[in-house]
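Protein chains in written order, with our numbering: chain A, 2 to 116; chain B, 359 to 468. Beta carbons: idealized from backbone N, C-alpha and C, even for Gly. Here the structure is a predicted model, which is why all the values come from computation and not from measurement.
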């Protein structure tokens, strides 16, 4: 069973640019969540998608957006990049649905560096 | 708003001793709690979880304790092994909204 796949693994962008990150969840999983990891801040929740709908959203500015496709693959977009957006972006997939969230499976992340 | 807090950024223990990692949360609606372990250059991997209807869950060397009245959970690793050295994240969830703490870096010295 393939795990969660995130592409690209590494990315370097300049300030003001925009970036799109991709996440393919485990087959059969319908929930995809995105997290930003920075030193000292841990994993900060960005948003969660289920069946192409954003269900939950963290406290990030509108420059951070996402979407989910009918095959449950998800993309995250950051516009007008700032130096502080440099981080490891992780996506996690889970079965979703109305059941209580159990374990989520994480991808290896995309390391974004903004210069 | 940091709904899940891990106040100790790092912890160092001797091999064979007990490691205790702590986590506090503020949202009383959280009903499921999890611990994840993360090695460098890898995504976090699930370690152990506990439902809010329980106060203890054990899996081999790992035990998670939940104190709902104090909104506190802890992870006990005994005996600790050098391979346990990693960053440990606690997480709390309500339905599919899962929030993580900042992590505690555990170092187990041989």
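Please decide whether residue i counts as near chain B, where near means a Cβ-Cβ distance under 7 Å.
i: residue 78(A); result: no
i: residue 53(A); result: no
i: residue 72(A); result: no
i: residue 113(A); result: no
i: residue 44(A); result: yes
i: residue 110(A); result: yes
i: residue 101(A); result: Caution applies to residue 101(A), whose pLDDT of 48 falls short of 50 and renders its modelled position unreliable; the value that the coordinates give is listed next. Yes, because at least one Cβ of chain B sits closer than 7 Å to the Cβ of residue 101(A).
i: residue 91(A); result: yes
i: residue 65(A); result: no
i: residue 96(A); result: no
i: residue 48(A); result: no
i: residue 104(A); result: yes
Quick test of your reading: residue i and residue j, contact by CB under 8 Å. State the CB separation rounded to the nearest angstrom.
i: residue 53(A); j: residue 67(A); result: Not quite, the Cβ-Cβ distance comes to about 11 Å (not below 8 Å), so this is no contact.
i: residue 22(A); j: residue 458(B); result: Not quite, the Cβ-Cβ distance comes to about 18 Å (not below 8 Å), so this is no contact.
i: residue 110(A); j: residue 401(B); result: 6 Å
i: residue 377(B); j: residue 466(B); result: 7 Å
Taking C-alpha atoms, which residue in the options lies nearest to residue i?
i: residue 32(A); options: 24(A), 38(A), 39(A); result: 24(A)
i: residue 375(B); options: 388(B), 434(B), 406(B); result: 434(B)
i: residue 449(B); options: 387(B), 378(B), 400(B), 394(B); result: 394(B)
i: residue 372(B); options: 366(B), 392(B), 437(B), 381(B); result: 437(B)
i: residue 70(A); options: 51(A), 95(A), 109(A), 44(A); result: 51(A)
i: residue 388(B); options: 403(B), 378(B), 397(B), 408(B); result: 408(B)
i: residue 85(A); options: 30(A), 106(A), 39(A), 11(A); result: 39(A)
i: residue 105(A); options: 378(B), 382(B), 391(B); result: 391(B)
i: residue 64(A); options: 72(A), 12(A), 82(A), 74(A); result: 82(A)
i: residue 79(A); options: 73(A), 72(A), 87(A); result: 87(A)
i: residue 451(B); options: 370(B), 398(B), 410(B); result: 410(B)
i: residue 107(A); options: 380(B), 405(B), 381(B); result: 405(B)
For residue i, I'd like the list of residues in its chain whose CB is within less than 7 Å of its CB, leaving aside the five on either flank, ordered along the chain.
i: residue 100(A); result: Any reading at residue 100(A) must be qualified, since the residue scores a pLDDT of 47, below 50, and its modelled position is unreliable; no value is offered.
i: residue 58(A); result: 48
i: residue 61(A); result: 47
Is residue i close to chain A, meaning its C-beta is less than 7 Å from at least one C-beta of that chain?
i: residue 418(B); result: no
i: residue 442(B); result: no
i: residue 463(B); result: no
i: residue 450(B); result: no
i: residue 388(B); result: no
i: residue 413(B); result: no
i: residue 382(B); result: no
Which same chain residues, not among the five before or five after residue i, have their C-beta less than 6 Å away from its C-beta?
i: residue 385(B); result: 361
i: residue 55(A); result: 48
i: residue 460(B); result: 364
i: residue 456(B); result: 449
i: residue 415(B); result: 408, 422
ask   = For the stretch 85–95 of chain A against the stretch 5–15 of chain A, are there 3 or more C-beta pairs whose distance is under 8 Å?
value = The stretch 85–95 of chain A vs the stretch 5–15 of chain A: in contact.
ask   = For the stretch 419–427 of chain B against the stretch 14–23 of chain A, are there 3 or more C-beta pairs whose distance is under 8 Å?
value = At 8 Å Cβ cutoff, the stretches do not touch.
task = Kindly confirm or deny that the stretch 406–425 of chain B and the stretch 433–442 of chain B touch, where touching means at least three C-beta pairs closer than 8 Å.
result = Yes, they touch.
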